[in-house]
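Chemist: Per UniProt numbering, the very first residue in the sequence shown carries number 1; after that it's consecutive.
Just so you know, even glycine gets a beta-carbon here, dropped at the ideal spot from N, CA and C.
Treat the numbers as computed from the prediction; the structure is a model and nothing was measured.
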Amino acid sequence: MNLTQEDWWSKLQEDENAVILDVRTEDECNDGIIPNAINIDIYKGQGFIYKVEELDKSKNYYVYCKAGGRSAQACNIMNQMGFETTYNLMGGFSEWDGPVDMPK
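Given below as structure tokens:
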């Protein structure tokens, strides 16, 4: 499901069962990440699938990339893999105006 930044963030704040998933590359993550996000690079292909397989399917996933395209693709893949609840951040990190952590 595609959500605007406001809806994505407000839903995330109220969700006790939320996991934030960043599907950008490591280089892109150097520009900052949304706090508490886990990073699984969708460009890793089968490696992405293996990593996602390890995630808890009962959680709600809030997925983002740089502009919203790869994260929409990730949501579709995850839904096909049996994840029931995935939310795509429309506009992605490039339009994000919420909190940001810088990688260590």
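1) Flag this pair as yes or no: are the beta carbons of V23 and D7 separated by less than 8 Å?
2) On the premise that G32 lies in contact with D101, defined as a C-beta separation below 8 Å, what is that separation, rounded to the nearest angstrom?
3) Measuring CA to CA, which of Y87, V52, N17 is closest to G69?
4) Check this for me: beta carbons of N76 and A18, under 8 Å apart or not?
5) Which complete alpha helix (DSSP H) runs does the UniProt domain "Rhodanese" (14-102) hold, if anything under 4 residues is left out?
Modeler: So, from the listed chains and residues:
1) No, the Cβ-Cβ distance between V23 and D7 is not below 8 Å.
2) Taking C-beta atoms under 8 Å as the contact rule, D101 and G32 qualify, at a distance of about 7 Å.
3) Minimum Cα distance to G69 is reached at Y87.
4) Taking 8 Å as the Cβ cut-off, N76 and A18 do not qualify as a contacting pair.
5) You should have 26-29, 46-53, 69-80.
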